[in-house]
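Visitor: Take a look at the following structure, please.
Protein chains in written order, with the working numbering: chain A, 127 to 472; chain B, 127 to 472.
Shown next as C-alpha cells:
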C-alpha cells in the first residue's frame, strides 16, 4: 500500500457532513469556508536523509526547503500564507546554533511573505524531522482547485522541471560529489555548495550542470506570487511536488478528464543535459520542483502571460485536456510513447 | 538551550501586528479571531522511542496517545476540536496493517469527538513520527488562557497525577517488564499489556500497581468535555503535559503571579505507592497525564463541582495564587520544602 492508497483509504472513510468544509483530503490544501474568505490549511513533513541531508545543506537551506515546500501548497490554491505552525524533532547531530539558524531562516521567510509563526513543538529523536502546518487565506471566488480542468484547456507550467530530482540523483550517484561530501563530513553545518566554493571547484561543478541541479534540490523556491495571479485565470491548479506526470494525473482524476502531454514542450533547463542524456524522467516523475501546473482556456493565456511577464515569470504550454475516455497520452515527435517513469518519489 | 529557551527566543522575535491574532506562541493553542468565535490551533509531535515504543503499544494505542495529547491542548483552552491534519513518518519496522490500524484509531476518535480529518502527509524515515495539527473552536467569551490567574484563586486539577511518568519509569527501569518486552519482541504489534494478559500475569502486574501506571502512559485519555465546563468558571487553564510543577510555573509566569502548592493535597493514586515509595516527583515533573490544571475564584468551586459530578469527574484543590513577589512555594505538612524535580520531560 503506497502513500496514495493510504490517503485514498482515509478519504473513503471520511464522510464530510460539515457545510463549512469546501474541500477535505484530495487537494493541495483543505479549504474551510470562513464567510468573507476561504481558509486554506496544508501540511508537509520533511525527513532527514530523505528530503534533506545535514551534510548537503546549511540549516538555513533546510529551513528554506521545508518552508517553501509548504508555501507551495498554498500557492497551488491561489492563496496567501497567514500563519505557520512548526514542529521540529532534533537529533544529537545538531546543536543549538543549528536549531537557531533554522528558525532564523523561518523568521526571514515569514517576514518576507508577511505571515506569522504562531506555534509549534520541539522534541528529540534519532533524526531531524520538520513538520510545518500552514494556514492561508484566499478570496472565495479566486480559490483554484485540482478538479476544475475543462476539455480543451491548455496545460501549462510556470518554469523548468526536473532540476531538483537531477540534484538528488547527483548527490546519490556522483562519485565526484560523494567525495565532496566525504571531505566535508567534519564541518556538517556547511552545505555541499559552500564546500565547493571553498575548494574553488564551483566553476567545474557549474560547467557540468551540477550546480544548477544541486541548487534546485537544496534550496528550492516556490511560486506564491504567481499562484495568486494564475488563480484568476486557471480552471485547475496544482504544484509539482511529485513530478509533472503525477500532478497531471491528479488534475485529470479529480476533474474526470484525460490529457495529452507533448514531450518536446516540457521545459527542461539545457544544463540538465550535462547531468543526464535523458533528463525527461527527472521532470516527469522526479518531483520537488515546486513549479505550478495549471489548465486554462486558450483565449485567457495572452492576458495571463502579460501579467506574469511583469514579475519575470515565463509559462510553458505542455499539453491539453481531452475527454476522460482518451486517458493520458504522452506524445513525442507526433508519436504516442509511454510516459517516462523511474523516479517514483516516496 | 532547552525547549523553552528556543520557544522564548522565537517568541521574542515575532512582532504580532495582526489584530486577528488573539494569542500566538505561549499558550496551549494559538487563538485567531474569526468573528463569531475564536479559532484554536495546536500542534504536537510524537516520536518513537521517546513518546511511544512499537513494542510497548499497539498501533491503536499509539494513535490514541498521539491524538489525545493534541486534543488535550484544545481542551486546555475550553474549546472543541473541529479539524485534524495528521503527518506520519513510517519506518521499515511497521507494515501496511500497522499504519492502517493507527488510522482506524484516528477515525474512531474523530467520530467519537465529532471532528474531521481534513489532511496530512505520509513519508518514510528511520523512525515512526506522528505530528498532528488540530483546529478547534471556542466561543469568544469562553476561551480560557494561561494568563488569567488572579490573587487568591484556588489552583485545581481534574484527576490523579504522576501515572504516566510512573509507567514510563517502569518501562525503562523494571527488570520484570524488561523481560516481558524481550519476550514479545517477536510480536511487535501487540502491546506489553496484551502480552501480560497472554502470559496470565496481568493480576500480578495489577497487584504491583504496574498495570495502572502502564495504562496511564500507554493509552492516556484527556479532558475535552471537562475543559468546556471548566472554561466557564476558571480564570486560567492549562493541561498537564510536563508535570504539575511546570504547568503551574507557566500559569504564574504568564499571569504575573506567585503560587503556593500544598504537597499533601496533590492527588496521587495510591497504587503509585506500590511503584515508588515517593511518587511525588512523577506528579510534579513527570508529565503526559493530560489532566487539566486551572485557577478559579473560591466561590465558584461548588457550582463547578456540581456540573462536573454529572460527568463523573472529581477535582482536587492543590494550591493558591499569591502575589508575584512570593514566588512559588511548595508546602508539605505546613513547612516550606523544595519543589520535587528529577523527571524533566524532554
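Just so it is clear, CB atoms sit at the ideal spot from N, CA and C, and this is done for glycine as well. If you're wondering where the values come from, they're calculated on a predicted model, not measured in any experiment.
Using the Cα positions of residue 161 of chain A and residue 150 of chain A, report the straight-line distance between them to the nearest angstrom.
Guide: For residue 161 of chain A and residue 150 of chain A, the distance between alpha carbons rounds to 17 Å.
Visitor: Closer than 8 Å, Cβ to Cβ, to anything on chain B: give me those residues from the region 252-273 of chain A, in chain order.
Guide: Those would be 252, 253, 255, 257, 259, 261, in chain order.
Visitor: Roughly how far, in whole angstroms, is the beta-carbon of residue 263 of chain A from the beta-carbon of residue 165 of chain A, given that I think they are within contact range, below 8 Å?
Guide: Confirmed, Cβ separation roughly 6 Å.
Visitor: Taking its Cβ as the centre, do 16 or more other Cβ atoms sit within 10 Å of residue 446 of chain A, making it buried, or is it exposed?
Guide: The residue is buried, with at least 16 neighbouring Cβ atoms inside 10 Å.
Visitor: Residues of chain B with CB closer than 7 Å to the CB of residue 171 of chain A, please, in chain order.
Guide: Near residue 171 of chain A (Cβ distances below 7 Å), the residues of chain B are 213, 215, 247, 249, 257.
Visitor: Can you look up residue 203 of chain B in the DSSP assignment and give me helix, strand or coil?
Guide: Residue state, collapsed to three classes: coil.
Visitor: Any idea if residue 301 of chain B is buried or exposed, counting beta-carbon neighbours within 10 angstroms, 16 or more meaning buried?
Guide: It is exposed - the Cβ of residue 301 of chain B has fewer than 16 other Cβ atoms within 10 Å.
Visitor: Excluding the five sequence neighbours on either side, which residues of its own chain have a C-beta within less than 6 Å of the C-beta of residue 198 of chain B, listed in chain order?
Guide: 348, 365, 416, listed in sequence order.
Visitor: In three-state DSSP terms, what is residue 469 of chain A?
Guide: Any reading at residue 469 of chain A is ruled out, since the residue's pLDDT is 42, under 50, leaving its predicted position unreliable.
Visitor: Helix, strand or coil for residue 418 of chain A, going by three-state DSSP, please let me know.
Guide: Three-state result, residue 418 of chain A: strand.
Visitor: For residue 257 of chain B, name the three-state secondary structure that DSSP assigns.
Guide: Of the three classes helix, strand and coil, the one that applies to residue 257 of chain B here is strand, per DSSP.
Visitor: From residue 471 of chain B to residue 373 of chain B, what distance separates their C-alpha atoms?
Guide: Caution applies to residue 471 of chain B, whose pLDDT of 39 falls short of 50 and renders its modelled position unreliable; the model cannot decide the point.
Visitor: Within its chain, find whatever has a CB closer than 6 Å to the CB of residue 248 of chain A; leave out the 5 residues flanking it on each side and keep chain order.
Guide: Counting only Cβ-Cβ distances below 6 Å, and skipping sequence neighbours, we find 214.
Visitor: Along the chain, where does the alpha helix (DSSP H) containing residue 343 of chain A start, and where does it finish?
Guide: Run containing residue 343 of chain A: 336-344, per the alpha helix (DSSP H) assignment.
Visitor: What separation, rounded to the nearest whole angstrom, lies between the Cα atoms of residue 361 of chain B and residue 135 of chain A?
Guide: Distance between the alpha carbons of residue 361 of chain B and residue 135 of chain A: 43 Å.
Visitor: Would you list the one or two residues that DSSP bridges to residue 250 of chain A?
Guide: DSSP lists A:216 as partners of residue 250 of chain A.
Visitor: Look at the alpha carbon of residue 469 of chain A and the alpha carbon of residue 343 of chain A, and state the distance between them as a whole number of angstroms.
Guide: For residue 469 of chain A, the predicted structure reports a pLDDT of 42, less than 50, and the residue's modelled location is therefore unreliable. A value from the coordinates is still provided. Cα-Cα distance, rounded: 14 Å.
Visitor: How would you write the range of the beta strand (DSSP E) that residue 386 of chain A sits in, first residue to last?
Guide: That run of the beta strand (DSSP E) goes 384-388.
Visitor: Anything in chain B within Cβ reach of residue 176 of chain A, meaning under 7 Å, just list it in chain order.
Guide: Neighbours of residue 176 of chain A on chain B, chain order: 249, 250, 251.
Visitor: Indicate whether residue 357 of chain A and residue 270 of chain A have their beta-carbon atoms separated by less than 8 Å.
Guide: Yes, the Cβ-Cβ distance between residue 357 of chain A and residue 270 of chain A is below 8 Å.
Visitor: What separation, rounded to the nearest whole angstrom, lies between the Cα atoms of residue 382 of chain B and residue 442 of chain A?
Guide: The straight-line gap from Cα to Cα measures roughly 59 Å.
Visitor: Since residue 318 of chain A is in the beta strand (DSSP E), which residue starts that stretch and which ends it?
Guide: Not the beta strand (DSSP E): residue 318 of chain A falls in the alpha helix (DSSP H), residues 318-324.
Visitor: In three-state terms, what does DSSP make of residue 243 of chain A?
Guide: Three-state DSSP puts residue 243 of chain A in a strand.
Visitor: Can you say whether residue 352 of chain B is buried or exposed, counting buried as having 16 or more other CB atoms within 10 angstroms of its CB?
Guide: When all chains shown are included, residue 352 of chain B counts as buried.
Visitor: Residues in its own chain within less than 7 Å of residue 252 of chain A by CB, not counting five upstream and five downstream?
Guide: Once the five neighbours on either side are set aside, the close Cβ partners of residue 252 of chain A are 217.
Visitor: What residue from A:465, A:250, A:433, A:187 has the CA that sits closest to residue 385 of chain A's CA?
Guide: Closest option to residue 385 of chain A, Cα to Cα, is A:465.
Visitor: Taking Cβ-Cβ distances below 8 Å as the criterion, which residues of the region 359-383 of chain B are in contact with chain A?
Guide: Flagged: no residues at all.
Visitor: What is the DSSP secondary structure of residue 349 of chain B, counted as helix, strand or coil?
Guide: Residue state, collapsed to three classes: coil.
Visitor: Residue 402 of chain B and residue 292 of chain B look like a contact to me (Cβ under 8 Å); what is the Cβ gap, rounded to whole Å?
Guide: Rounded, the Cβ-Cβ distance is 7 Å, consistent with contact.
Visitor: Just mark residue 195 of chain B as buried or exposed, buried being the case when its beta carbon has 16 or more other beta carbons within 10 Å.
Guide: That one is buried.
Visitor: State yes or no: is the beta carbon of residue 322 of chain A nearer than 8 Å to at least one beta carbon in chain B?
Guide: Not one chain B Cβ lies under 8 Å of residue 322 of chain A.
Visitor: Secondary structure at residue 277 of chain B, three-state DSSP: helix, strand or coil?
Guide: If DSSP states are grouped into helix, strand and coil, residue 277 of chain B belongs with coil.
Visitor: Specify the secondary structure class of residue 140 of chain A as computed by DSSP and reduced to three states.
Guide: It is coil, neither helix nor strand.
Visitor: Any beta carbon from chain A within less than 8 Å of residue 342 of chain B's own beta carbon?
Guide: So no, residue 342 of chain B is outside the interface.
Visitor: Give a yes or no on whether the minimum CB-CB distance between residue 209 of chain B and chain A is below 8 Å.
Guide: Residue 209 of chain B counts as touching chain A.
Visitor: Establish whether the CB of residue 413 of chain B and some CB of chain A are separated by less than 8 Å.
Guide: Chain A contact via Cβ: absent.
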